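Chains as they are written, first to last, in our numbering: chain F, 1 to 248; chain E, 1001 to 1605. C-beta: ideal position from N, C-alpha, C; glycine also. The structure displayed is predicted, hence computed values, not measured ones. Before any comments, here is the structure.
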């Protein structure tokens, strides 16, 4: 759909996902083409049920497409085995979910270090990296807290730290502020802004235009297909509070 | 009335929603009730076959063992004696059949039927010159039937028939109530088990002559008041001290010796019923826990439309109690039908003992135990579910997991499957403990069987001195009972392993899916879920070894048991653990293969 200036790290061609058949056929994703350059932040917007989350799951290898191709970091992923997909998710993708999906019996730091442990990193190195990431998201003093003892915004910051644990090629965020109040939304927006500034590739699915405004490119989606694309020069730099409807 | 109907309707719908789970629950409780019923039925079965045999053979009230035929005259004339047969000459005989050697009392009989104690033929014909009739248990132990040829003290005889009697306990307990077998020289130092063989009078006398030993004699008596037989025998024996013949054996002593096997079986079945019951409780607890996890949202909906916590608890309880009632009925029927197979020692008397009686209190007890098993396992989860807040139930929020900080820290150093497995175990420590207990009981049962085999072999060797004698019906029957019990226990253990793996897979859906989303491969997730069964199974298996040996020692009235070779025990423990791992792998892999998006979306909803 769009040409990007930098090297492409994530690419989809003719991507589709259908459920059911005949009269009950549902096209959740319908012939989507997408190219995301390294360091780019792309926001995908659309109403509930338009296929945004399904698209994100397809891009991240959580679900398999019915048709089309997906390339991540130069490798075609839609034909990978489950094992290879898991390795790809482990090393190249970081997920941020609307519902946080933290392990409730693990502390913040244990949650953040988990992807590194699953990747076979030494426990000490995993813990060191997790501690650094928690410091980076401003939760260094909450490392030993269980998720139940954290606010919604803090939980999402832990989830973002977890997504970064294995230094992924791309972070896929599914309605990252959907469960947050305005103040917490600002916290998360700041974090994404920082990640963007640091050159992290981001794909954010949202129906909130304020979040979309933080991206370099915004794609509108409806009925499983892309219907519009807007390049936003300048992105979010500056007045996040105003964007989020707050004073700062 | 309306509320009861509503509860019944909801219960029926709840059962229909999960037919497989209901079937497994039915199986678990049925197994427990079957074993319990067997134990209860055996309690009342002991007297029936003997009494029937007494009636069918005109069994004696007293059996008199005499040194000389003349000693019979005074007994026959004694007050209260109403009938007699004998005196019959009795010779000690060394029996050789095939490669087996055994001792027997050869009783010389008339070819005509006797008025008192005419053994009832179950095969072939009665004695004739050169022919021998063997008591049924003895013939089975020797492996011979009508028409076979055997030797008695070196003389060839044809087995003309097989018969049962009420004048003597079956092999090998012929001498348990009393006998005067004059062992032939070749049998000296031979094993103490003695069978009975009926030959003609001249053949018995000839057999005694071949040993250069005078025959003993046997007189069968009937009394006007049979119940006084024991008192009469005591008085007679007191008047004839010395330990040898003459002495009297009352029918009560013969009956008591006859029930030795059934008593031995009850010694195994009684603790077996308890162990089976405990396993059933474990099964039902795991199953009920799993069902409650699934039922959370349903509970929320019921409460949202106005069901009171009491009604919700009643519905959840009723789902399990209805199954328990059906299982109790099935278990009662199965136990009642299976009991004759275990009481076949009684069939060494007359014919098959028939269906043992099942009294109303026994049936009531079995039903009560089945209901108690279901109640004990489901009451707490049902009340907990009923008391949960409607909002959280509607949100389908699972019971919060426990946090085992030490295990979480320790698992960080382990390979991914063990890391996941250990953390999942730490989430549900009670379920892990239940799994360990189940495996301990299963390994314990297997070890008990192995220990019994080793002990029986050692006891048999000690008695025979390594020579080849016929098998021991008591050992064979006990082993059969233990094997039946083990099969029941293994079935329950299999059901338990599947239940636990299934419940764990359900409970671990979200963490397992998250692990997958964070990069764990399906194999790692599946192996992690299987490890949740394997990790508690290991200590359970180790604990089961001493448990099984101790259980058998207790069932043996604290007697000595022979510990089987270490590799037998290791194989039993390892085999059970591997079986648990194999059984857990199925549900675990099914859980691991569920699409991640489906679960993540459901959790987010």
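* Can you name, in chain order, every residue of its own chain whose Cβ lies under 7 Å from the Cβ of residue 1118 of chain E, other than the five neighbours on each side? -> As a first step, residue 1118 of chain E is located in the second chain; it is residue number 118 there, counting from the start. So the list reads 1057 and 1058, once near-sequence residues are dropped.
* Asked: Among E/1086, E/1101, E/1096 and E/1099, which has the Cα closest to the Cα of residue 1109 of chain E?
  -> As a working mapping, residue 1109 of chain E is identified with position 109 in the second chain. Ranking the options by Cα distance to residue 1109 of chain E, first place goes to E/1086.
* Helix, strand or coil at residue 1219 of chain E according to DSSP, with G and I counted as helix -> If you number the second chain from 1, residue 1219 of chain E lands on position 219. Of the three classes helix, strand and coil, the one that applies to residue 1219 of chain E here is strand, per DSSP.
* Tell me, please, whether the CB atom of residue 1401 of chain E is closer than 8 Å to any CB atom in chain F? => Start at 1 with the first residue of the second chain, and residue 1401 of chain E comes out as number 401. Residue 1401 of chain E counts as touching chain F.
* **C-alpha distance - residue 1228 of chain E paired with residue 1065 of chain E, whole-angstrom precision** => In the second chain, counting from the first residue as 1, residue 1228 of chain E sits at position 228. In the second chain, counting from the first residue as 1, residue 1065 of chain E sits at position 65. Roughly 18 Å between the two C-alpha positions.
* Asked: Can you tell me whether residue 1054 of chain E is buried or exposed, with buried defined as 16 or more other CB within 10 angstroms of its CB?
  -> Position 54 of the second chain, counting from 1, holds the residue named residue 1054 of chain E. With 16 or more other Cβ atoms within 10 Å, it is buried.
* Asked: According to the neighbour-count rule (16 or more other Cβ atoms, all chains shown, within 10 Å of its Cβ), is residue 1005 of chain E buried or exposed?
  -> Along the second chain, one-based indexing puts residue 1005 of chain E at 5. Burial call: exposed.
* Asked: Given residue 1014 of chain E, which residues of its chain have a CB within under 7 Å of its CB, disregarding the five upstream and five downstream residues?
  -> In the second chain, residue 1014 of chain E corresponds to position 14, counting from 1. Only 1315 and 1319 meet the Cβ criterion.
* To do: For residue 335 of chain F, I'd like the list of residues in its chain whose CB is within less than 7 Å of its CB, leaving aside the five on either flank, ordered along the chain.
  => This structure cannot settle anything about residue 335 of chain F, because the visible part of chain F is limited to 1 through 248.
* To do: Compare the C-beta of residue 1427 of chain E with all C-beta atoms of chain F and state if any pair is closer than 8 Å.
  => Position 427 of the second chain holds residue 1427 of chain E. Yes, residue 1427 of chain E lies at the interface with chain F (some Cβ there is under 8 Å from its Cβ).
* Spatial distance of residue 1257 of chain E from residue 1248 of chain E (CA atoms) -> In the second chain, counting from the first residue as 1, residue 1257 of chain E sits at position 257. In the second chain, counting from the first residue as 1, residue 1248 of chain E sits at position 248. So the alpha carbons of these two residues sit roughly 15 Å apart.
* To do: Please compile the residues from chain F whose C-beta is within a distance smaller than 8 Å of the C-beta of residue 1511 of chain E.
  => What you label residue 1511 of chain E is simply residue 511 of the second chain in a count that begins at 1. What residue 1511 of chain E touches in chain F: 103.
* Among F/129, F/16 and F/143, which residue has its Cα nearest to the Cα of residue 167 of chain F? -> The sequence position of residue 167 of chain F within the first chain is 167, counting from 1. Here the closest residue by C-alpha is F/129.
* **Validate contact between the segment 115-132 of chain F and the segment 1411-1421 of chain E using beta carbons, cut 8 Å, 3 pairs** => yes
* Asked: Beta-carbon of residue 1413 of chain E versus every beta-carbon of chain F: anything under 8 Å?
  -> Here residue 1413 of chain E refers to the residue found at position 413 when the second chain is read from its first residue. It does: the Cβ of residue 1413 of chain E has a partner Cβ on chain F nearer than 8 Å.
* Hey, how far is the Cα of residue 1167 of chain E from the Cα of residue 1231 of chain E? -> On the second chain, position 167 is the one that residue 1167 of chain E refers to. On the second chain, position 231 is the one that residue 1231 of chain E refers to. Each residue's Cα considered, the two are about 18 Å apart.
* Interface partners of residue 1516 of chain E on chain F, CB under 7 Å -> Counting from one through the second chain, the residue named residue 1516 of chain E turns up at place 516. Within chain F, the residues near residue 1516 of chain E are 86.
* Neighbour flag for residue 1505 of chain E against chain F, beta carbons, 8 Å -> Sequence index remark: in the second chain, residue 1505 of chain E carries index 505 (1-based). So no, residue 1505 of chain E is outside the interface.
* Return the CA-CA distance between residue 1534 of chain E and residue 1328 of chain E, expressed in angstroms with no decimal places. => Within the second chain, numbered from 1, the residue matching residue 1534 of chain E stands at position 534. Within the second chain, numbered from 1, the residue matching residue 1328 of chain E stands at position 328. Cα to Cα, residue 1534 of chain E sits roughly 32 Å from residue 1328 of chain E.
* Asked: What is the DSSP secondary structure of residue 1514 of chain E, counted as helix, strand or coil?
  -> Taking the second chain and counting its residues from 1, one reaches residue 1514 of chain E at position 514. It is helical.
* Tell me, please, which residues DSSP counts as bridged to residue 75 of chain F. => As a position in the first chain, residue 75 of chain F is number 75, starting the count at 1. According to DSSP, which records beta bridges pairwise, residue 75 of chain F is partnered with F/72.
* To do: Quickly, what does DSSP pair residue 1107 of chain E with across the bridge? List them, please.
  => Against the second chain, residue 1107 of chain E aligns to sequence position 107. For residue 1107 of chain E, which the question treats as bridged, DSSP gives the partners E/1090 and E/1198.
* **Contact set between residue 115 of chain F and chain E, taken where Cβ atoms lie within less than 7 Å** => Numbered from 1 along the first chain, position 115 holds the residue referred to as residue 115 of chain F. Within chain E, the residues near residue 115 of chain F are 1518 and 1519.
* For residue 1487 of chain E, which residues from the same chain have a beta carbon less than 8 Å from its beta carbon, with the 5 sequence-adjacent residues on both sides left out? -> Indexing the second chain from 1 puts residue 1487 of chain E at position 487. Cβ neighbours of residue 1487 of chain E beyond the five flanking positions: none.
* Asked: Which residue comes first and which comes last in the beta strand (DSSP E) that contains residue 45 of chain F?
  -> For the purposes of this step, residue 45 of chain F is taken as residue 45 along the first chain, with counting starting at 1. Start and end: 41-45.
* Asked: If you count every other CB in all the chains shown that lies within 10 Å of the CB of residue 1255 of chain E, and 16 or more means buried, which is it?
  -> Within the second chain, the letter at position 255 stands for residue 1255 of chain E. Residue 1255 of chain E comes out buried.
* To do: Closer than 7 Å by beta-carbon distance: list the chain F residues that pair up with residue 1422 of chain E, in chain order.
  => The sequence position of residue 1422 of chain E within the second chain is 422, counting from 1. Chain F residues near residue 1422 of chain E: none, gap ~12 Å exceeds 7 Å.
* Asked: Hey, is the segment 1203-1214 of chain E in contact with the segment 1023-1042 of chain E, meaning 3+ C-beta pairs nearer than 8 Å?
  -> no
* Asked: Taking buried to mean at least 16 other C-beta atoms within 10 Å of its own C-beta, is residue 1126 of chain E buried or exposed?
  -> For the purposes of this step, residue 1126 of chain E is taken as the residue at position 126 of the second chain. Buried, by the Cβ-count rule.
* To do: Express the C-alpha separation of residue 7 of chain F and residue 114 of chain F in angstroms, rounding to a whole number.
  => For the purposes of this step, residue 114 of chain F is identified with residue 114 of the first chain, where counting begins at 1. For the purposes of this step, residue 7 of chain F is identified with residue 7 of the first chain, where counting begins at 1. Between residue 114 of chain F and residue 7 of chain F, the C-alpha separation is close to 30 Å.
* Can you have a look at residue 79 of chain F and say buried or exposed, based on whether 16 or more other CB atoms are within 10 angstroms of its CB? => Within the first chain, residue 79 of chain F is the residue found at index 79, counting from 1. So residue 79 of chain F ends up on the exposed side.
* Asked: Candidates E/1224, E/1096 and E/1284: which alpha carbon is nearest residue 1154 of chain E's?
  -> In the second chain, the residue the question calls residue 1154 of chain E occupies position 154. Of E/1224, E/1096 and E/1284, the residue nearest in Cα terms is E/1096.
* Ignore the nearest five residues each way along the sequence and tell me which others in residue 1047 of chain E's own chain have a CB closer than 6 Å to its CB. => If you number the second chain from 1, residue 1047 of chain E lands on position 47. Interpretation of residue 1047 of chain E is limited by its pLDDT of 49, a score under 50 that renders its predicted location unreliable; the figure taken from the coordinates is listed afterwards. The answer is none, since no qualifying residue turns up.
* To do: Find the nearest neighbour of residue 1194 of chain E within the set E/1207, E/1171 and E/1511, judged by alpha-carbon distance.
  => Here residue 1194 of chain E refers to the residue found at position 194 of the second chain. If we check each option's Cα against that of residue 1194 of chain E, E/1171 comes out closest.
* Closer than 8 Å, CB to CB, is residue 83 of chain F near chain E or not? -> Here the question's residue 83 of chain F lines up with position 83 in the first chain. Yes, its Cβ sits closer than 8 Å to a Cβ of chain E.
* To do: To the nearest angstrom, report how far apart residue 18 of chain F and residue 1028 of chain E are at their CA atoms.
  => Here residue 18 of chain F corresponds to residue number 18 of the first chain, with the count starting at 1. Here residue 1028 of chain E corresponds to residue number 28 of the second chain, with the count starting at 1. Those two C-alpha atoms are separated by around 43 Å.
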